[in-house]
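Engineer: Each residue of the sequence shown is one higher than the last, beginning at 46 in the numbering used here.
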Amino acid sequence: MQCSKCRREAIVYQRYSGLHLCEQHFNRDFEAKAKRAIREHRWIESGDRVAVALSGGKDSSALLFFLHSLLGERRDVRLMAITVDEGIAGYRDTDLARKISEGLGVPWVTASFRDAYGITLDEIVAKKGTGLSCTYCGVLRRALMNRVSREEGVTKFAYGFNLDDEAQSVLMNVLRGDAAQLTRPVREVEGIIPRIRPFIYIPEREVALYAFLHVEGFDAAGCPYAVGALRRDVRGVLDDYTYRHPATKYSLVRLGEALRRTGTAPETVFGVCERCGEPMPGEPGREICRACQVLDELGAQGGLSPPGDGYK
């Protein structure tokens, strides 16, 4: 098929727009959507130091390339990449992330569950099985990412979450009946680095194509422990429905944004974990953060490392 905007050969068909796009017009369309998301949410400002959560996979690698292209010539905004090694044998290879960062000339640091917590995700799964592996991993990874980002002077933390990820999250909260999560406004909390998601209006398949066009050596494999996760079930249902109704994922993302703007959920009060000193929701009777609770549950010998330790 020919490109809908010129006579060159098309490389992608967008069912939701009805357009066939060549490589040149696909790149323009892709980058315009990401720039619009940044502009609408005012996610990047002069003086920011932006860190990309670089796993070495397609989404984060595409995001690092895009932000480097967007911010590389700006002197008022700095860019870096942070990789967390959860400790998954045969899957997480920090060398891939390092090479991608070095290839773009972007500063890169890494941290590991082993150094920070004294336990790896493989060891967690060996103790607890795969049923809650995503929960444990998510809690510990977010805590470590936030700690390293803060110590690196990061002001915005960029995730490679795409349209599919965002739509799945909204639907998961609907299925759980989690009204508070759906209507809780986004606000800044001292000690927690604000997160930005420039790809929230871009489908996963287009992010993958952008990565294939611009990044060499990224990891296309998925996490081996995500097989039984609720998100995977929701993804299957949503993909099937979206095939028949192409605008569904966009509608869900916009719904999630509209609900958060209502701000009807009670405002969360934050305190400080008595053990590690990290900020945490001040729930009644709760004295330590979720990360420390998880480590207690796992019987881990380590804990959140003192500032400055656990990464390089």
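For every residue, glycine included, the Cβ atom is placed at its ideal position computed from N, Cα and C. Note that the structure is a prediction, hence the values are computed from the model and not measured.
Please work out which residues of its chain come closer than 6 Å, Cβ to Cβ, to G132, disregarding the five sequence neighbours upstream and downstream, and give them in chain order.
Structural biologist: So the qualifying residues of the chain are F158, R159, T165, L166, D167.
Engineer: In or out: C358 buried (at least 16 other Cβ within 10 Å) or exposed?
Structural biologist: What the structure shows of the chain is the stretch from 46 to 357, and residue 358 is not part of that stretch, so it cannot be assessed.
Engineer: Could you pull out every unbroken beta strand (DSSP E) segment of at least 3 residues lying fully inside the region 50-129, listed in chain order?
Structural biologist: With a minimum length of 3 residues, the continuous beta strand (DSSP E) runs that stay inside the region 50-129 are 57-59, 64-66, 94-98.
Engineer: Tell me the rounded alpha-carbon separation between V219 and G301.
Structural biologist: Straight-line Cα distance between these residues: approximately 10 Å.
Engineer: Taking all protein chains shown into account, do 16 or more other C-beta atoms lie within 10 angstroms of the C-beta of M46, making it buried, or fewer, making it exposed?
Structural biologist: Per the 10 Å Cβ criterion, exposed.
Engineer: When the Cβ atoms of the region 199-212 are set against those of the region 244-261, are three or more pairs found closer than 8 Å?
Structural biologist: Verdict: yes, contact present.
Engineer: Near R335, which residues of its chain fall below 6 Å by C-beta distance, leaving aside the five closest residues on each side in sequence?
Structural biologist: For R335, where only same-chain residues beyond five positions count, the Cβ hits under 6 Å are V184.
Engineer: Under a three-way DSSP split, which group does T287 fall into?
Structural biologist: Helix, per DSSP.
Engineer: Give the DSSP bridge partners of D223, in chain order.
Structural biologist: Per DSSP, none; premise fails for D223.
Engineer: Please go through the same chain and pick out, in chain order, the residues whose beta-carbon is closer than 6 Å to the beta-carbon of S350, but skip the five residues on each side of it.
Structural biologist: Any reading at S350 must be qualified, since the residue scores a pLDDT of 47, below 50, and its modelled position is unreliable; the value itself is stated next. Excluding sequence neighbours, S350 sits near A161.
Engineer: Alpha carbon to alpha carbon, how far is I89 from A256?
Structural biologist: Their backbone Cα atoms lie some 22 Å apart in a straight line.
Engineer: Quick check on this structure: which residue in A310, E328, Y58 has the alpha carbon closest to the alpha carbon of G316?
Structural biologist: Considering only alpha carbons, the answer is E328.
Engineer: Output yes or no for whether 9 Å exceeds the beta carbon distance between E261 and G344.
Structural biologist: Contact: no.
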